[in-house]
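K.L.:
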Amino acid sequence: MRLPSVATGIAVIAILAALLACTEAAQTPTEAPTPRGIAATPAMPANTPGPAGAGATSRATSKPETPPAPTSTPTPTTSPTPGSTAAPTPFMEPTKTPGAEPVPEGISPILLELPQSVETEVPDSELACLAGTADAERLSRILTGTEEPAPEEMGHIMDCLQDETLLRMFLGTFVEYAGPLSPKTSECTRTSFAGIDPRRVMLAALEGNQQDWMVISAVILTIACLNEQEWNAAARAMDLHPDARETMLCILKEMDGPEEMVAALGAAGQDSAVALASAQRKCGVELEDRAAIPALTATPTPTSSTTPEPTATPPPDGRLAPLRLQDSHALVSSLSQAELACIGDVPETLDRVRAWPSQEAKDEMLRLIGCLSDETLARLFLSGIMPGLEPLSLETSDCVRAAFAVIDPREVMTAGLEDDPERARRAMAASTAVATTTTACLNDQEWERSIWMNEIGPQERADQRCLMEVLGGPGEMAEAVRAAWEGDSAGMEEAAAACGLDRGPSN
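Residues in the sequence shown are numbered consecutively from 892, following our numbering.
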C-alpha cells in the first residue's frame, strides 16, 4: 500500500495548502538556503504542529461500545448569507429533530499509529470479530500502511469494524488534538457522514487515492463541523495557521456550502476551476500557480505531480529517508515510544521551538535533540540536504551511517545552537564533516535532488569522492574533515596530494 493511515490527513493538507497558499505564504518565512559545505541547522518551522502520539496514554482506559446510529438524519442548516459581517460559522450544523434519539457522547479519535490506542479504543466485540485475522498491533500496522494484508483479510477487517469506529479512526488522522469532540460537533459530524461510506474513505486513503470524492468530502465536511477551539487544535496537526479557518469558511460560503465545493473539487472541466478560483479571489486568496487548479478539481490517475509524497512509511530495506521537523505526521509516526515519552507534549514542544530565535526556543531545540535517537537525527539532518522525501539508496544510506558512526549526531544538529564558543566550534566542525562526507556519498540521481546540485561543480564533487576513497571510506573522511576544521589538516593534505589537489576542503 502506498500511504499510511495519515494519508487522509495528508489529503487535508494537500487540499487546504492549495486553497490557502497565499494565507500560509504570508505567515511562513522563507527558509534560507543552507551554506555550501555546512550541514543545515534544523529549519525552524513556521507552523510546527503534529499529532502527539504519546497523548493517547492520557485517554480513558475503559472501552467504548459503538453507539447506535441516530434513527433519523437531521436536515443541516446553511451558513449565514454571503456578505454578512458576522464571524464565519461552520456549515452543516444540524437542526434538532423532534423525537430523535439522544445524541451519543462526543466522538473520541482513535490513533492508529499507536497499537495501545487501537486496543483500548476499539470495542471488544469488534476485536473479537477480528480474532484470527488481526490483533490490535497488526490492525495498527495494516491501517497505517506498514503491512499489506491479503484482500480477503482486508475485507474481513472492514466487515468487523463498525461505522462509528471507522469514523473515529478517520478523525484520528488529523483532529486528534481536539480530543473528544463536543456533543454538538459530534452530532454534526455523524450527520455529515450519513451519506459517506467510511469503508470507501479508509480504503481509498490506504491505496493513495486522495482524489476520491468521498475522501475529500469527509475531510471538508468534518472541518466544517468543528467549533473554533477544535479547529485551532486540528489546524496544528495540519500545519495550518489557526487564522486560516476564516478563509476556509469564506471559500465554503462562496461555493454555496461544502457539497457544492466538493462537487467542484471532483468535477472535470474548466467551469468548476473558474468557480473555485473566483471564490478564492473573493476571499483574498491568490494561488501562486493557477495551473494547479485543474489538477485539484479533476480526478486524474495519480502521478508524481498529483500524488503527495509518502511521509510516515518507514524507509524500506534499511534505507535512510529525510525526515522534516515541520512534517509532524511523519515525525510522530517515526518516533519510538521512548522518544515520545522523553519529549512529552509534542505540540507544546514544537510550539516553543517556533519562537525561534529566542533563548527558550534554542533550549527547547537542544532538549528535543537530546531525546532523539541517532537514526532519527540522521534523517532530520538529511532533510537539510535533500528537499524531497525519497529514501536514499541502501549503499548511500550505509555510507551516511558510517559518517555518523564516528561523528556524534547531537553535535551535528547543535551547530548554530550552542552559545559556548568551544562547543559551537566543535558542533560546526562535526556538521561540516558529515555534510562534506554526505556530498561524496550521494549517487548521481540523489545528487540531482540535493540542494548542492547548483552549488558544487562536477569537478569539486569528483574531488570529494576521490578524497573519500583515498582516506579509506566515509568514516575516515568525516574524521579527517573534522580534524582539519580543528587545526590538524595533515591527513587531509596528504589525501589532497594523492588526488592531485592543492588543498583539501578544510577551508
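In this text, a Cβ means the ideal position worked out from N, Cα and C, and glycines have one as well.
#1: Thinking C-beta only, is Thr1138 closer than 8 Å to Cys1174?
#2: Please tell me whether Ala1331 and Met1277 are closer than 8 Å, where the distance is taken between their beta carbons.
#3: Let me know the alpha helix (DSSP H) ranges lying completely inside the region 1298-1357, each 4 residues or longer, listed in chain order.
#4: Excluding the five sequence neighbours on either side, which residues of its own chain have a C-beta within less than 8 Å of the C-beta of Leu1226, listed in chain order?
#5: Considering Cα atoms alone, identify which of Val1092, Glu1078, Leu1097, Ala1096 is closest to Asn1118.
#6: Ile1001: which of Arg1032, Leu1058, Ala1041, Glu1028 sits nearest, CA to CA?
#7: Buried or exposed: Pro1349, going by 16 or more other Cβ atoms within 10 Å of its Cβ?
#8: For the alpha helix (DSSP H) containing Ala1375, name the first residue and the last one.
#9: Would you give the residue range spanned by the alpha helix (DSSP H) that Ile1260 belongs to?
#10: What is the rounded straight-line gap between the Cα of Cys1390 and the Cα of Pro1365?
#11: Since I believe Lys1253 is in contact with Leu1216 (beta carbons under 8 Å), could you give me their beta-carbon distance rounded to a whole number of angstroms?
#12: Could you check whether Glu1012 and Pro1074 sit closer than 8 Å to each other, using their CB atoms as the reference points?
#13: Is the beta carbon of Ala1027 sitting closer than 8 Å to the one on Glu1004?
#14: Within the region 1017-1049, note down every full alpha helix (DSSP H) run reaching 4 residues or more, in order along the chain.
#15: DSSP on Asp1147, reduced to helix/strand/coil?
#16: At what residues does the alpha helix (DSSP H) containing Glu1010 begin and finish?
#17: Using only CA atoms, which one of Met1060, Gly1382, Arg1352 lies nearest to Thr1329?
#18: I'd like the list of long-range same chain contacts for Ala1025, defined as Cβ closer than 8 Å, with 5 residues on each side in sequence excluded.
#19: If you draw a straight line from the alpha carbon of Ala917 to that of Ser1249, how long is it in whole angstroms?
#20: Alpha carbon to alpha carbon, how far is Val1303 from Gln1007?
#21: Could you work out which residue in Gln1228, Ile1087, Gly1382, Ala1326 is closest to Ile1342 when comparing CA atoms only?
#22: If you draw a straight line from the C-alpha of Gly1279 to the C-alpha of Ser1016, how long is it?
#23: Spatial neighbours of Asp1054 within its chain, please: CB distance less than 6 Å, with the 5 preceding and 5 following residues excluded, ordered by chain position.
#24: At the 8 Å Cβ level, is Leu1358 part of the contact set with chain D, yes or no?
#25: Taking the alpha-carbon positions, what's the Asp1310 to Ala1232 distance?
#26: Once the 5 residues before and after Thr1240 are set aside, which same chain residues still bring their CB inside 7 Å of it?
#27: Since I believe Gly1378 is in contact with Leu1285 (beta carbons under 8 Å), could you give me their beta-carbon distance rounded to a whole number of angstroms?
#28: Leu1097: which of Pro1042, Arg1081, Glu1339 sits nearest, CA to CA?
#29: Check the C-beta distance from Ala1320 over to Arg1245 and give it rounded, since I have them as a contact under 8 Å.
#30: Rounded to whole angstroms, what's the CA-CA distance from Ala1125 to Arg1314? Just pull it up for me.
#31: Let's test the definition: count the other Cβ atoms within 10 Å of the Cβ of Ala1387 and tell me whether it reaches 16, buried, or not, exposed.
#32: How long is the line joining the alpha carbons of Arg1243 and Glu1251, rounded to whole angstroms?
#33: Going by C-alpha to C-alpha distance, which of Trp1247, Ala1022, Ile998 sits closest to Glu1061?
P.N.:
A quick look at the data gives this:
#1: Yes, the Cβ-Cβ distance between Cys1174 and Thr1138 is below 8 Å.
#2: Cβ atoms of Ala1331 and Met1277: not closer than 8 Å.
#3: Contiguous alpha helix (DSSP H) elements confined to the region 1298-1357 occur at 1300-1304, 1312-1332, 1335-1340, taking only those with 4 or more residues.
#4: The residues are Gly944, Ile1234, Leu1263, Thr1267.
#5: The shortest CA-to-CA distance from Asn1118 to any of Val1092, Glu1078, Leu1097, Ala1096 is the one to Glu1078.
#6: Answer by Cα proximity: Leu1058.
#7: Pro1349 should be labelled exposed.
#8: Membership of Ala1375 in the alpha helix (DSSP H) is indicated by the continuous run 1365-1376.
#9: Counting along the chain, the alpha helix (DSSP H) containing Ile1260 begins and ends at 1250-1262.
#10: Looking at the two C-alpha atoms, the distance is approximately 16 Å.
#11: Taking the Cβ atoms as the reference, Leu1216 lies roughly 14 Å from Lys1253, outside the contact range of under 8 Å.
#12: It is not a contact, given that the beta carbons lie outside the stated cut-off.
#13: No, the pair does not count as a contact, with Cβ atoms beyond the cut-off.
#14: With a minimum length of 4 residues, the continuous alpha helix (DSSP H) runs that stay inside the region 1017-1049 are 1027-1034.
#15: Three-state DSSP puts Asp1147 in coil, outside helix and strand.
#16: In the DSSP assignment, Glu1010 falls within the alpha helix (DSSP H) that extends over 1006-1012.
#17: Selected option, being the one with the closest Cα: Arg1352.
#18: Here the set comprises Ile1033, Pro1040, Glu1044, Ile1048.
#19: Reliability fails at Ala917, whose pLDDT of 36 lies under 50, so the model's placement of it is uncertain and no value is given.
#20: Distance between the alpha carbons of Val1303 and Gln1007: 34 Å.
#21: Here the closest residue by C-alpha is Ala1326.
#22: Distance from the CA of Gly1279 to the CA of Ser1016, rounded to the nearest whole angstrom, comes to 43 Å.
#23: Counting only Cβ-Cβ distances below 6 Å, and skipping sequence neighbours, we find Pro1089.
#24: Checking the listed chains, one finds no chain D in this structure; it contains a single protein chain.
#25: Asp1310 and Ala1232 have their C-alpha atoms spaced approximately 27 Å apart.
#26: So the list reads Ile1234, Glu1255, Leu1259, once near-sequence residues are dropped.
#27: 36 Å between Cβ atoms; not a contact.
#28: Nearest C-alpha to Leu1097: Pro1042.
#29: Not a contact, Cβ separation roughly 29 Å.
#30: Distance between the alpha carbons of Ala1125 and Arg1314: 39 Å.
#31: Burial of Ala1387 is indicated by the presence of at least 16 other C-beta atoms within 10 angstroms of its C-beta.
#32: Roughly 7 Å separates the two Cα atoms.
#33: It should be pointed out that residue 1061 corresponds to Phe in this sequence rather than to Glu. Closest by C-alpha distance to Phe1061, out of Trp1247, Ala1022, Ile998, is Ile998.
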